[in-house]
Each structure stands twice: as C-alpha cells, then as structure tokens.
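In this note's numbering, the protein residues as written are -19 to 211. No residue lacks a Cβ here, since even glycine has one placed at the ideal position from N, Cα and C. Owing to the predicted nature of the structure, the values given are computational and were not obtained by experimental measurement.
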C-alpha cells in the first residue's frame, strides 16, 4: 500500500508533466505566427568629443555621440504569448586586424498590454496604455516606432581610447522577443518558416568625424563670419 508521501510525489510528478507539455505547446504556437519586422534607420548628427570615463580618472577618452532617426514596424512580433519586446540600436564597425566592434547606443522596452503593469511608468501613461488596450488582445500601435533626431542613451568609445575618424560604421536595429512561456528569440539574418528576417534596419556606412576641439569651433565660426560678409 502506498504511503501519503508516495501519493503526493505521484500527484506532483503528474502535475509537472502536464505543466511542461502545456508550456511546450504554448511555446510551439509562436512558430506558426508570422513575423515580418522592418525598419529604416539613418544618422542625423554625429560628434566625437573627449572626456573622462570616471570622475576620478585623469586620462581622457574619445566618445562618439550619434543622433539618429528610426522608423520601424515590429508589430508582427506581438502575439498572445509575447510578454515584452526589447529593442536596441547598435553601432558596428571593423577595427584593426578585422576585429568586429559593436556598441549599443539606444534601447527601449515595449510591453504587451497584458504586461503593462510590469513597466515602471507614471499614472498618466498607464491610463493611456490601458485605454489603448481596451477590448484588444494586442494594441495595434505596439511595435510601431517613429523617432526623429533621437539622442542616444549611451555614448560609445573604444578600449584604445580613440574612436575619431573611424570609417565604415553602420547603425543596426535589433530586437529580442521575451515570451510569457518559451525561449527568448532574437532577430535573424535568414528567414525560418513563418519568421522572416529583418527587412532593412541597417543604415548606410559612414565615417565618424574628427575630434571636436576648441580650434575646430573657432575655424567654423570664422568661416561662418566670412560667409556672412558682403563683398
């Protein structure tokens, strides 16, 4: 005759098996949902300045500040199993010795209406999000990004401390889908089934400008004054 402890073990084992199978089924439903993300990104203003990495550091490094404009449609990434979407933009370039460099300059989290309570936002913004989600499984405007002359959240540098006049730099849009149940998925370079690769999302190649110094400012101001004078 089985003891109470053995029966409890059997019930718990059956419960975990059912939960695992149900979770696997929920995660598998994402494979049948079409993903067709797209985006257009371009640079607006680029500066390279010099500063200290820490307030107690005496050594200065070069930092690139890249403003950009972005129009993206990531709404197809939202399904009933999507908890939130992590979106970020990187600056990528090839350094000496064919080393690949990548640095995040901006990121954002877009929540599903059912997960808005997980985001630390103000009461006014929360009311707007709830209003937009009323009667909708997924708010249609989720995942639509329109940024113009966006200031970067993070300045980029290089371990060498020098980044000015770096060539062949591109901006690239990335995403990370975080589901309620299942594995995290990132943007893909190749299509897989109903999941299409990102259409666009990469800027034209550009070169970082020379270090912005006081001499450069004086030269620019002198040029502007000269242009303003009438012959």
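- If you look at residue -3, you'll find it in the alpha helix (DSSP H) that goes -16 to 8.
- When secondary structure is reduced to three states using DSSP, residue 104 falls in the helix class.
- The three-state secondary structure of residue 57, taken from DSSP, is helix.
- Remark: three or more beta-carbon pairs, one from each stretch, lie closer than 8 Å, so the segment 145 to 160 and the segment 5 to 21 are flagged as touching.
- Taking the Cα of residue 89 as reference, the smallest distance to any Cα among 80, 172 and 68 is reached at 68.
- Boundaries of the beta strand (DSSP E) harbouring residue 87: 79 to 91, taken from the DSSP string.
- Unbroken alpha helix (DSSP H) stretches of 4 residues or longer found wholly inside the segment 6 to 30: none.
- Around the beta carbon of residue 48, a 10 Å sphere encloses 16 or more other beta carbons of the protein chains shown; the residue is thus reported as buried.
- DSSP places residue 189 in the coil class of the three-state scheme, outside both helix and strand.
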